[in-house]
Every structure is written in C-alpha cells, then in structure tokens.
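Q: Protein sequence lines correspond, in order, to chains S and Z. The first sequence begins at 1 in this note's numbering and counts up by one. The second sequence begins at 250 in this note's numbering and counts up by one. Submitted below is the structure of interest, expressed as structure tokens.
Number of protein chains: 2
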Amino acid sequence: MDGYFERDMPGPDLLPLFAEAERLGVGFYLGYAEQTDAGDRYNAAVLVSPRGEVLGKYRKIHLPGFAEPDAAQAFQNLERRYFQPGDLGFSVWKLLGASIGMCICADRRFCETYRALALRGAELVVLGYNTPHHTPGADQIAPHVDMLAEEHNRLAMRAGAYQNGLWVIATAKAGVEEGIAMIGGSCIIAPSGELVAIAASEDDEVITGRIDLDYSRRYRKVFNLMALRRPEAYGDLVRHHDQHDGSTC
Amino acid sequence: MDGYFERDMPGPDLLPLFAEAERLGVGFYLGYAEQTDAGDRYNAAVLVSPRGEVLGKYRKIHLPGFAEPDAAQAFQNLERRYFQPGDLGFSVWKLLGASIGMCICADRRFCETYRALALRGAELVVLGYNTPHHTPGADQIAPHVDMLAEEHNRLAMRAGAYQNGLWVIATAKAGVEEGIAMIGGSCIIAPSGELVAIAASEDDEVITGRIDLDYSRRYRKVFNLMALRRPEAYGDLVRHHDQHDGSTC
C-alpha cells in the first residue's frame with residue numbers, strides 16, 4: 001500500500017512531469033496520495049506555477065466512503081480506511097492573475113467548499129474527481145438513480161459556480177479501472193453556471209476554455225449574492241451534528 | 250404603502266381563504282408583507298395546517314435589492330427600502346407527516362438556506378418567489394445573461410434539494426405585473442434534484458406532485474452527504490464579511 005503514497009512533492013517519479021510543465025510554461029493542479037514523515041496520510045493536491053514551484057497544498061476535507069470493507073458490495077469507496085480528513089482548511093493562492101482555490105472529488109458536492117473558498121477571495125476553483133457510474137447501494141433507492149451520477153456531478157459544481165460567482169475547472173478520471181467505469185465529464189464552468197467546455201468522450205481527452213476574469217468581475221457586480229449573506233443566521237452550519245460511519249457519497 | 254401590509258394573520262381580507270382551505274382540508278404556505286404593532290416590516294410567510302391553524306411564521310433573511318431608488322433603471326428591486334431582515338432564523342415544523350421548512354424568494358439562491366433547514370430536520374422546503382425575466386444591470390455583463398434567469402432559478406433549488414436530500418416546492422408569481430414579465434416556473438423538486446413537476450405556461454396554473462417521504466428517507470441513507478460534513482472547516486461561513494448596499498440578486 002505504501003507504494004501508492006508520495007513522500008515528497010515532487011518525488012522522483014514526478015520530476016519529469018514538473019520539468020516538462022516548466023519547459024512548456026504550464027501551471028497545473030495535481031492530486032495525489034500524501035504520506036507525511038509522521039505517517040499521516042491525506043488525499044491531497046498541489047497547485048504548481050508555470051515555473052514548476054509548488055505554490056500551495058490542499059488536503060481533502062470531505063472524505064466519503066467507509067473505514068471497513070462490506071463483503072456484500074462488488075466494490076466500494078474505502079477512503080475513510082486509507083486517509084485522514086484534511087487539516088489545512090480551505091485556502092486560495094494567486095496564480096496566472098487569478099485567485100485560485102483547490103478542492104478534491106467529494107468536496108465538490110458540498111456547498112460549504114465553494115462558499116469558504118469564495119469568502120477567501122477565490123475567482124477560480126480547480127478540482128479533480130474520480131466517480132463511478134454505479135454508486136453501491138443506489139439500486140436500493142430507485143432503479144434509475146445511477147443514471148443521475150453525471151447530472152449530480154454537474155449540478156453541484158454549476159451551483160457552486162453560480163452561487164459564488166466563480167469559475168470551476170474540474171478534471172475527471174475517465175475510462176475503466178479494475179472493471180469500474182468512471183463518469184468522466186471533465187469540464188469548465190463559468191460564474192453564470194454555464195458549461196464552457198466539457199469532455200465529449202469517456203476516454204483520455206484534453207479540453208480547453210478561456211477563463212475571462214473580467215467577465216466574472218462584471219458578473220459579481222450585478223449578481224452580488226455574497227453581499228446579501230446573513231452570517232448571523234448560519235450558526236447551525238458550524239455546529240457539530242450527528243455523524244455516521246460514512247456514506248457512499 | 251401601509252395598505253400592502255398585513256397586521257394580523259389571517260386579517261379580514263384573508264379569512265375567506267383560510268375558511269375555504271379548512272373546508273377543503275388543504276394545508277398551505279402563504280407569503281405576505283407583515284407589519285408589527287411596533288411598526289417593523291418583514292417579508293414574511295406562514296405555514297397553515299389543513300384545519301386553518303397558523304403553525305409557523307418565517308421572515309425573509311436574504312433581502313435583495315437596494316434601499317435607494319436608481320433613476321437610471323426602468324424598474325428595480327427596493328426590498329431593502331421597505332423591509333427589515335428577518336429575525337426569526339430558520340425553523341422547521343411538522344405538518345402532514347413531514348418536517349417542513351420555509352424560505353422566501355432570494356433565500357432560495359443561498360445554499361445556507363437549505364443547509365440550515367436540513368440541519369434542523371427539514372424533509373421538505375416550501376417557498377414562494379417573484380422573479381422578473383429581466384434583471385436590471387444584466388446587460389452590463391453579457392447580452393445573454395437575462396436568458397439564464399430560469400436556469401439560475403432551477404439550478405439553486407435543485408442543488409439545494411440534492412445537497413440536502415430534501416424536497417422543494419416552489420411557487421412563482423407568473424404573468425405580467427406593472428409591465429414586468431415574471432419567469433414563473435413553479436415546480437416540485439425531488440431529493441435527487443429531479444424536477445417532478447413544473448408549470449408549463451406563464452399564466453395561472455396549478456401543478457401537483459406526489460411527495461414520497463419514503464423515497465427521500467431511502468435516498469438519504471445511501472447519499473448521506475450530511476454525514477460527511479466537517480463543520481470545523483466552515484468557520485468563514487459565519488464570520489462577517491464586507492457587505493454592500495445591496496444587489497439586484
């Protein structure tokens with residue numbers, strides 16, 4: 001299991017990636033499994049400048065899945081077995097003229113993620129995700145629920161963009177891994193909630209889009225939802241409520 | 250102006266509505282302009298049982314618009330001129346076998362609304378709204394932005410339903426009032442984010458849908474996003490940030 005974790009960022013396996021990105025002048029977001037010197041393990045991501053510098057690190061806050069295997073499932077998410085919840089909070093960094101926040105996979109389903117990043121000034125949220133077509137247990141709800149996986153993915157991200165007036169760039173694992181088909185659907189979402197670009201296939205694919213920060217700044221001036229917030233009414237959101245063992249998410 | 254405000258609920262004008270609903274055994278949600286004995290004014294709503302009892306009252310928390318008229322606009326939202334922010338918080342009441350929360354109009358655009366109600370146990374959120382096709386200032390962003398009004402309406406409510414595993418019943422003012430055309434779009438949304446029913450026209454219309462609470466309870470067991478929340482990471486959401494005069498919302 002240790003072989004899946006990175007101890008340095010970039011470690012020896014990743015040096016060629018960092019070197020090539022620097023040669024091309026490309027900044028990027030990279031998700032990985034992190035193991036610290038103390039042995040702590042996080043589902044993590046870094047933001048890397050076009051000069052190959054690691055500008056910031058994020059550790060995934062919302063861990064889905066379970067800590068114990070369930071023999072009744074053909075496959076399942078066991079993130080809670082292999083990772084600890086992120087302890088770095090939500091942060092924003094300046095890169096390529098934009099204030100950029102990061103999150104990972106299940107974080108994108110939580111409205112708190114986008115809101116916390118927007119309140120820290122994010123104009124763009126970058127994230128990676130890895131979501132199967134089939135959710136274990138979905139057939140216990142209604143036969144068609146698995147068909148909603150792609151719509152749920154877009155719905156949460158589009159709402160996050162619209163409600164906070166920010167861009168979202170979402171990069172999906174696609175294809176079939178160990179027999180599990182992923183939904184793919186990498187996309188770029190405008191602050192209006194519009195899909196600017198989306199992957200057309202479930203294969204390897206590169207999508208591109210123009211992130212016009214002037215557009216989002218104009219957008220926020222008119223649809224300035226943030227100005228209408230009433231934090232004094234949100235106390236319940238930060239109180240601790242019953243938590244379960246996990247969820248298939 | 251005083252004539253638009255209710256001092257009692259139900260006041261004399263509304264007694265026939267309450268009597269007819271009681272005769273038919275229909276519970277309902279009703280939005281109104283409230284003026285208290287002390288002269289305070291709220292954008293308010295009540296939840297009424299099939300026996301005509303007022304079970305609960307909500308006062309709108311997120312007030313859009315401005316306090317001062319802008320002569321450059323053909324029309325504008327001046328809610329901040331005529332109302333105070335609601336001071337009753339978010340609450341949930343038991344009615345017809347369901348835990349029901351209320352909100353009003355712009356509240357539906359805020360993820361905090363659904364989250365606060367869900368954390369208080371809401372299985373169903375009822376709301377009314379009154380949204381024009383044209384948002385003053387939208388043309389300063391991009392020519393097509395007004396075309397997004399209906400999608401933004403559905404997007405925020407569908408995401409609220411999905412992220413909290415609850416039903417939403419949204420009742421819109423439709424048609425043209427004082428020359429202003431409304432988007433209408435009254436709808437019923439399932440905890441999966443699916444539209445169960447939606448008004449087909451921009452005229453007076455009744456829509457119906459079956460609210461299956463067993464479905465939502467099964468749904469929440471599998472997609473138990475609430476169990477994955479990390480309130481310790483949400484501190485920014487309840488801190489006070491810069492607020493402006495208002496927003497066209």
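Think of the CB as a built atom: it goes at the ideal place given N, C-alpha and C, for glycine as much as any other residue. As the structure is a prediction and not an experimental result, all values here were calculated from the model.
#1: List the residues of chain Z whose Cβ lies closer than 9 Å to the Cβ of residue 140/S, in chain order.
#2: What beta strand (DSSP E) runs, 3 residues minimum, are completely inside the stretch 160-218 of chain S?
#3: With DSSP run on the structure shown, which of helix, strand or coil describes residue 224/S?
#4: With a cut-off of 8 Å on the beta carbons, I'd call residue 102/S and residue 32/S a contact; round off their distance for me.
#5: Could you pull out every residue in the same chain whose Cβ sits closer than 7 Å to the Cβ of residue 462/Z, ignoring the five residues on either side in sequence?
#6: Hey, would you say residue 236/S sits closer than 8 Å to residue 368/Z, going by beta carbons?
#7: Would you say residue 125/S lies against chain Z (beta-carbon separation less than 8 Å)?
#8: Does chain Z have any CB closer than 8 Å to the CB of residue 69/S?
#9: Which bits of chain Z does residue 236/S rub up against, with CB to CB less than 8 Å?
#10: When we look at the beta-carbon of residue 318/Z and count the other beta-carbons within 10 Å, is it buried (16 or more) or exposed?
#11: Only counting the same chain, and skipping five residues up and downstream in sequence, which positions put a Cβ closer than 6 Å to that of residue 239/S?
#12: Taking only the alpha-carbon atoms, compute the straight-line gap between residue 361/Z and residue 320/Z and give it to the nearest angstrom.
#13: Does the beta-carbon distance from residue 182/S to residue 174/S come in below 8 Å?
#14: Quick one: Cα of residue 89/S to Cα of residue 156/S, how far?
#15: Considering only the beta carbon of each residue, do residue 434/Z and residue 402/Z sit closer than 8 Å?
#16: Answer yes or no: does any C-beta atom of chain Z fall closer than 8 Å to that of residue 270/S?
#17: Roughly how many angstroms separate the alpha carbons of residue 231/S and residue 115/S, rounded to a whole number?
#18: When the cut-off is 8 Å and only beta carbons count, does residue 323/Z lie next to chain S?
#19: Which stretch, first to last residue, makes up the alpha helix (DSSP H) that contains residue 277/Z?
#20: List, in chain order, every chain Z residue whose beta-carbon is nearer than 7 Å to that of residue 82/S.
#21: Look up residue 293/Z in the DSSP assignment and give the residues it is bridged to.
#22: Can you tell me whether residue 6/S is helix, strand or coil according to DSSP?
#23: On the three-state DSSP scale, how would you describe residue 363/Z?
#24: Around the Cβ of residue 223/S, are there at least 16 other Cβ atoms within 10 angstroms (buried) or fewer (exposed)?
#25: Going along chain Z in order, which residues have a C-beta closer than 9 Å to the C-beta of residue 106/S?
#26: Are the CB atoms of residue 291/Z and residue 302/Z nearer to each other than 8 Å?
#27: Which term fits residue 60/S, buried or exposed, when burial requires 16 or more other beta carbons within 10 angstroms of its beta carbon?
#28: Give the interface partners of residue 193/S over in chain Z, defined as CB-CB distance under 8 Å, in chain order.
#29: Using beta carbons (cut-off 8 Å, strictly below), is residue 361/Z in contact with chain S?
#30: How should residue 1/S be labelled, buried or exposed, when 16 other C-beta atoms within 10 angstroms of its C-beta is the threshold for buried?
#31: What residues in its chain sit with their C-beta under 7 Å from that of residue 84/S, if we drop five residues either side in the sequence?
#32: Given residue 459/Z, which residues of its chain have a CB within under 8 Å of its CB, disregarding the five upstream and five downstream residues?
A: Let me lay it out:
#1: Simply 467, 470, 471.
#2: As far as the stretch 160-218 of chain S is concerned, its whole beta strand (DSSP E) runs of at least 3 residues are 167-172, 187-189, 195-198.
#3: coil
#4: Incorrect: roughly 12 Å between the Cβ atoms, too far for contact.
#5: Closer than 7 Å at the Cβ level, and outside the excluded window around residue 462/Z, lie 346, 347, 372.
#6: yes
#7: no
#8: With 8 Å as the cut-off, residue 69/S does not count as an interface residue toward chain Z.
#9: Near residue 236/S (Cβ distances below 8 Å), the residues of chain Z are 339, 364, 365, 368, 369.
#10: exposed
#11: none
#12: Cα to Cα, residue 361/Z sits roughly 33 Å from residue 320/Z.
#13: yes
#14: 20 Å
#15: yes
#16: Because chain S in this structure spans residues 1 to 249, residue 270/S falls outside the shown range and cannot be described.
#17: The alpha-carbon of residue 231/S is positioned some 12 Å away from that of residue 115/S.
#18: no
#19: Looking at the DSSP string, residue 277/Z is not in any alpha helix (DSSP H); the run it does join, the beta strand (DSSP E), is 277-284.
#20: Near residue 82/S there are no residues of chain Z at all, since even the closest Cβ is about 16 Å away, more than 7 Å.
#21: 281/Z, 308/Z
#22: strand
#23: helix
#24: buried
#25: 474, 477
#26: no
#27: buried
#28: Result: 397, 400, 401, 404.
#29: Cβ-Cβ to chain S under 8 Å: yes for residue 361/Z.
#30: exposed
#31: When the five nearest sequence neighbours on each side are left out, the beta carbons in the same chain lying within less than 7 Å of the beta carbon of residue 84/S are those of 40, 41, 42, in order along the chain.
#32: 445
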